[in-house]
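A.B. asks: Mapped onto numbering that gives the first Met the number 0, the consecutive letters of the sequence shown carry residue numbers 0 to 630. Ideal Cβ placement from N, Cα and C applies to all residues, glycine included.
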Amino acid sequence: MSYRLTNPRIISTLGACSMLIVGLGFPAAGATTPSSTTKSSGSSAPGGSTPGSGNGSSSTPNQCTYRSVNITGAKKTQGLPGQYTSGYSKKQNKLYVSSAESGAAESTNISTLARVNPETLQIEATAKIPVVPDTENKTPNLKQFRAPLGITVDDEHDLIWVTDGLTYSVSAYDINTLQQVWTSYDPNKKRDQQTIQHPREIKIDPVTGKLFVTGTGMYSIDPKTKEIKSLDYPKGVYDSFGMHTALNSADRELYVTDWGTDEVLVFDADTFTHKRSLKVTGAEQTGVPTQPHGIAYDNSLGKLYISAQGSNGINSGIYELDKNTGQVKDYVKHGYLSGALAHDEERDLLYVADYGESKQISKDAGNVAVFDTRQNKVVKDVRVSPSEVNFLTIQGDGSVVAVSRDKTYKNTNVDFRIDPTTGEYQSASVDEYPGKESVNITANTLSRFKAEDAGTAPGETKRIIDPASASEQTRLVSDNTSEAATVSAPKTVYAGQKFTIGGSDWTYGEDYLPSDITVTLDDGKSKVNGQGEMTFKLSEEETSFTRDIEVPADWKPGEEHSVTISSGKTKGDKQRSLTMKFKVEEYNPKYIDSCTVPTQDTVQSTEIPFAGYPKVGEVPSLNQQPAVTKD
Numbered sequence: 000m001s002y003r004l005t006n007p008r009i010i011s012t013l014g015a016c017s018m019l020i021v022g023l024g025f026p027a028a029g030a031t032t033p034s035s036t037t038k039s040s041g042s043s044a045p046g047g048s049t050p051g052s053g054n055g056s057s058s059t060p061n062q063c064t065y066r067s068v069n070i071t072g073a074k075k076t077q078g079l080p081g082q083y084t085s086g087y088s089k090k091q092n093k094l095y096v097s098s099a100e101s102g103a104a105e106s107t108n109i110s111t112l113a114r115v116n117p118e119t120l121q122i123e124a125t126a127k128i129p130v131v132p133d134t135e136n137k138t139p140n141l142k143q144f145r146a147p148l149g150i151t152v153d154d155e156h157d158l159i160w161v162t163d164g165l166t167y168s169v170s171a172y173d174i175n176t177l178q179q180v181w182t183s184y185d186p187n188k189k190r191d192q193q194t195i196q197h198p199r200e201i202k203i204d205p206v207t208g209k210l211f212v213t214g215t216g217m218y219s220i221d222p223k224t225k226e227i228k229s230l231d232y233p234k235g236v237y238d239s240f241g242m243h244t245a246l247n248s249a250d251r252e253l254y255v256t257d258w259g260t261d262e263v264l265v266f267d268a269d270t271f272t273h274k275r276s277l278k279v280t281g282a283e284q285t286g287v288p289t290q291p292h293g294i295a296y297d298n299s300l301g302k303l304y305i306s307a308q309g310s311n312g313i314n315s316g317i318y319e320l321d322k323n324t325g326q327v328k329d330y331v332k333h334g335y336l337s338g339a340l341a342h343d344e345e346r347d348l349l350y351v352a353d354y355g356e357s358k359q360i361s362k363d364a365g366n367v368a369v370f371d372t373r374q375n376k377v378v379k380d381v382r383v384s385p386s387e388v389n390f391l392t393i394q395g396d397g398s399v400v401a402v403s404r405d406k407t408y409k410n411t412n413v414d415f416r417i418d419p420t421t422g423e424y425q426s427a428s429v430d431e432y433p434g435k436e437s438v439n440i441t442a443n444t445l446s447r448f449k450a451e452d453a454g455t456a457p458g459e460t461k462r463i464i465d466p467a468s469a470s471e472q473t474r475l476v477s478d479n480t481s482e483a484a485t486v487s488a489p490k491t492v493y494a495g496q497k498f499t500i501g502g503s504d505w506t507y508g509e510d511y512l513p514s515d516i517t518v519t520l521d522d523g524k525s526k527v528n529g530q531g532e533m534t535f536k537l538s539e540e541e542t543s544f545t546r547d548i549e550v551p552a553d554w555k556p557g558e559e560h561s562v563t564i565s566s567g568k569t570k571g572d573k574q575r576s577l578t579m580k581f582k583v584e585e586y587n588p589k590y591i592d593s594c595t596v597p598t599q600d601t602v603q604s605t606e607i608p609f610a611g612y613p614k615v616g617e618v619p620s621l622n623q624q625p626a627v628t629k630d
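(1) What ranges does the beta strand (DSSP E) occupy inside the segment 214-296, keeping only unbroken runs of at least 3 residues that lie completely in it?
(2) Is it buried or exposed, N366, if we count other Cβ atoms within 10 angstroms and call 16 or more buried?
(3) At the level of alpha carbons, what is the spacing between Q143 and G422?
(4) What is the DSSP secondary structure of E344, counted as helix, strand or coil?
(5) Run through DSSP, which three-state label would D191 get?
(6) Quick one: residues in its chain with C-beta nearer than 6 Å to the C-beta of C63, no 5 flanking neighbours on either side, listed in chain order?
(7) Tell me which residue opens and which closes the beta strand (DSSP E) that S85 is part of.
(8) Using a Cβ-Cβ cut-off of 8 Å (strictly less than) and excluding sequence neighbours within five positions of S299, which residues of its own chain qualify?
(9) Three-state secondary structure (DSSP) at G502?
(10) In the structure shown, what three-state DSSP assignment does G454 receive?
(11) Out of D553, G502 and Y304, which has the shortest C-alpha to C-alpha gap to K524?
(12) Between which two residues does the beta strand (DSSP E) containing W554 stretch?
(13) Relative to the C-alpha of E85, which residue among K75, T411, G395 and T151 is closest?
(14) Tell me the rounded alpha-carbon separation between P597 and N375.
(15) With C-beta atoms as the reference, is S566 less than 8 Å away from K573?
(16) How should S503 be labelled, buried or exposed, when 16 other C-beta atoms within 10 angstroms of its C-beta is the threshold for buried?
(17) Using 8 Å as the cut-off, can you tell me whether the segment 291-308 makes contact with the segment 252-264, which would need three or more C-beta pairs spanning the two stretches below that distance?
(18) Among Y354, H342 and I516, which residue has its Cα nearest to the Cα of L336?
(19) Can you list, in chain order, the residues of its chain with a C-beta nearer than 6 Å to that of K322? Leave out the 5 residues immediately preceding and following it.
(20) As an exercise, report each continuous beta strand (DSSP E) stretch of at least 3 residues that is fully enclosed by the segment 581-608, in chain order.
(21) For the structure I just gave you, are there three or more beta carbon pairs, one from the segment 144-163 and one from the segment 171-181, closer than 8 Å?
(22) Are L631 and P80 touching if we call contact CB-CB under 8 Å?
(23) What residue range is occupied by the uninterrupted beta strand (DSSP E) comprising G316?
(24) Count the other CB atoms within 10 Å of the CB of T455; is the residue buried (16 or more) or exposed (fewer)?
(25) Measuring straight from C-alpha to C-alpha, what distance separates Q91 and L621?
(26) Are N389 and R373 touching if we call contact CB-CB under 8 Å?
(27) Please name the residue, chosen from V400, L520 and E539, that lies closest to Q530 on a Cα-to-Cα basis.
(28) In three-state terms, what does DSSP make of D522?
(29) Where in the segment 124-174 do unbroken runs of the beta strand (DSSP E), each at least 3 residues long, occur, reported from the N-terminal end onward?
(30) Using a Cβ-based criterion (distance less than 7 Å to any ligand heavy atom), does P80 qualify as near the ligand NAP?
(31) Pull the bridge partners of E459 from the DSSP assignment, please.
(32) Just the C-alpha distance for V527 and K536, rounded to the nearest angstrom, thanks.
(33) Looking only at DSSP bridge pairs, what is E100 linked to?
(34) To the nearest angstrom, how far is it from the Cα of Y432 to the Cα of S97?
(35) Hey, could you find the ends of the beta strand (DSSP E) K302 is sitting in?
(36) By alpha-carbon positions, which one of A450, D515, P205 and D465 ends up nearest to K74?
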């Protein structure tokens, strides 16, 4: 079960087929383009910023400083199989981690809710999770867990609230016993008939105490009456999927990232009415999905941030948005697939993880960026796991816990697994399911670190192209097919330079097979990188792409030329052909000084011994505090 929803091809279930062309000039030797100022080891956003300013500010070398932090206590150890998210209890000073592993089948046979020491990462207790009939599979009489995924800790009522994306339910567990005390699950209804559909995140409104739940829709729960209400979610959007939330305390606005529609939805936090939708346009390429994931609103600074997964590394990073219009105010490139985000508002810090898929795909996979919201700069990177950081939690002392899904620890034996034929708990290192191939149980990485303020440090002043001096370079064009294929094309290209073409979800057939792409200039009269045309085939994993095109030497300023992108040469492929015209201009960029963070080595987490799993269902009293080791 992949609850993360990172595959951009899911978007194409609507038949959306997009492509883009972006005009891109290259600067003179020794200068830095906006796209090259985005190294994840600590760079500024395009345009840079001086202390106390927004982006685009110039800076002299003796003024160029950045906020410095030291990383202490960076460590990692074996966590849980199928771990998803975590929540922190300030009252108890305990961490709680959810586990839901599909293993050999789509249903969940391995699951628990674990209590963890927030300093040592020792797992202190694992809960027994309710078992229900597996109604979604064709094989009769099989059992599955109602497994916890999203978590929030309710210290006021001594409860842990969890979501289950498999049976579509929300449940409450007693924080002292780790036993379920309430659930929205109705055993007499099928999954698509449950009150809450595909729940993901759950959070508490600190003002009203009510719970907000994201999913295919948006819901609120009164913790006292257990009344469930649906928020006024925009209708008629098939691929809409709410991810995470942030609260603007002053305006009482609830912001929700919608992964499927590339939007941030804004609700009235008290009346639950939908106020507006903010379209999140790609900062790197406008025709490629942004897939908003994490979100934070810094009330003290009045800034709205999201992390965007992007698509195949394009548009992935940290965005500052205008809370009223959704306009991208600032963008910092980070990683291949920016996802998990945690906000320390008291210290004006964001922590943003690169999920990365794998080390082979992204060199930054498993890294967490420490991002200063005062200057919009990544000031440090911490390597917390080999890859696939799924969730981040800030604890009472300001430390950060990272929950990963990297499957690093092989052949793990657990006793929080059930036999799907009987529903009985059993200890196992192999997961078996009728009619499916057996799989070894693997555990994931659990890690922790703390960023300590260390004053300011000298930055590096670099020359970059002034983003304010560049005119809008893109426009949207769509064809007349039912799939409404779109391209984003340059209005101008620059003589003697290059421009970049790219695309997203050019597929065909029910299985969304990748198309063969053909690129021609002036209907083939002009050469593409010295050839009559450019052709390439996307891999099944390559749902987005970019290619550089050299402006032909005989194209002169003032002339008009065209580019054509087409598909359909492969048998069965959909025939499409879109032509865009543009003008050639002389390349004469303007430059500014930008204060950037010098390149730094990524901080590595130290492996610590795994203390083992306690017996499932045996929950020690919270008064029995285990020994604590300091960092």
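C.D. replies: Quick look at the numbers:
(1) The DSSP assignment places complete beta strand (DSSP E) segments of no fewer than 3 residues inside the segment 214-296 at 216-220, 227-229, 241-247, 252-257, 262-267 and 273-278, in order along the chain.
(2) It counts as buried.
(3) Whole-angstrom Cα-Cα distance: 7 Å.
(4) Correct three-state label for E344: helix.
(5) In this structure, DSSP gives D191 a helical state, which the three-state scheme calls helix.
(6) So the qualifying residues of the chain are G458, T460 and C594.
(7) Q82 to S88 is the extent of the beta strand (DSSP E) around S85.
(8) Scanning its chain for C-beta atoms nearer than 8 Å, with the 5 sequence neighbours on each side dropped, one finds around S299 the residues E344 and D347, in chain order.
(9) G502: strand per DSSP, three-state reduction.
(10) In this structure, G454 counts as strand in the three-state DSSP scheme.
(11) The candidate whose alpha carbon is nearest that of K524 is D553.
(12) Under the DSSP assignment, W554 falls outside any beta strand (DSSP E); it carries neither an H nor an E label.
(13) Looking at the sequence shown, residue 85 is not Glu but Ser. Per the Cα distances, T151.
(14) C-alpha separation (whole angstroms): 15 Å.
(15) Going by C-beta atoms, S566 is nearer than 8 Å to K573.
(16) By the neighbour-count rule (16 or more Cβ atoms within 10 Å), S503 is buried.
(17) Because the criterion of three Cβ pairs below 8 Å is met, the segment 291-308 and the segment 252-264 touch.
(18) Ranking Y354, H342 and I516 by Cα distance to L336 puts Y354 first.
(19) If we look at K322 and ignore the five residues flanking it on each side, its Cβ neighbours are L303.
(20) If we require 3 residues or more, the beta strand (DSSP E) runs fully inside the segment 581-608 come out as 590-595.
(21) Yes: the two stretches touch, three or more of their Cβ pairs being nearer than 8 Å.
(22) Outside the displayed range of the chain (0 to 630) lies residue 631, so it cannot be described from this structure.
(23) Element bounds for G316: G316 to L320.
(24) Exposed, because fewer than 16 other Cβ atoms sit within 10 Å of the Cβ of T455.
(25) Taken atom to atom, the span from the alpha-carbon of Q91 to that of L621 is near 7 Å.
(26) At a Cβ-Cβ threshold of 8 Å, N389 and R373 do not count as neighbours.
(27) Ranking V400, L520 and E539 by Cα distance to Q530 puts L520 first.
(28) Residue state for D522 is assigned as helix, using DSSP reduced to three classes.
(29) DSSP runs (the beta strand (DSSP E)) wholly in the segment 124-174: 130-132, 142-144, 150-153, 158-163 and 168-173.
(30) This structure lacks the ligand NAP, and indeed carries no ligand of any kind.
(31) Answer is T595, bridged to E459.
(32) Roughly 17 Å between the two C-alpha positions.
(33) BP columns for E100 point to I109.
(34) For Y432 and S97, the distance between alpha carbons rounds to 22 Å.
(35) Unbroken beta strand (DSSP E) run through K302: K302 to A307.
(36) When each option's Cα is compared against that of K74, the closest is A450.
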